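Structure follows, in structure tokens:
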């Protein structure tokens, strides 16, 4: 019986077990609260990132349209100038041929 009595003395009391249980439950509660806060923070950060991505997409779309319009105008201008150069070359050719006949 002495061994059994000694073993009982080494075991924690109900009060100690309840205290340990309460501390662990408090820790679990704190960790759950932290986790909930972190989840909410991640959701808010995700919303911010999505808003920024939408603004960037909008800006890129606007810039692309702007550049496409500029490209269109430059192509038209280039076409007109090419036609003018060809007309001037034709005129120069005619003048050169006339000059050579004199």
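In my numbering, the protein residues as written are 331 to 432.
Idealized CB from N, CA, C, for every residue including glycine.
These figures come from a predicted structure and were not determined experimentally.
*Mapping DSSP to helix, strand and coil, what is residue 341?*
In the chain shown, the residue the question calls residue 341 occupies position 11. Residue 341 falls in the coil class under three-state DSSP.
*Quick one: residues in its chain with C-beta nearer than 7 Å to the C-beta of residue 430, no 5 flanking neighbours on either side, listed in chain order?*
For the purposes of this step, residue 430 is identified with residue 100 of the chain shown, where counting begins at 1. There are no such residues.
*Can you give the Cα-Cα distance for residue 416 and residue 407, rounded to whole angstroms?*
Counted from its first residue, the chain shown places residue 416 at position 86. Counted from its first residue, the chain shown places residue 407 at position 77. About 14 Å.
_Taking the straight line between their C-alpha atoms, what separation do you get for residue 441 and residue 394?_
The shown model of the chain, from 331 to 432, leaves out residue 441, and the question about it has no answer.
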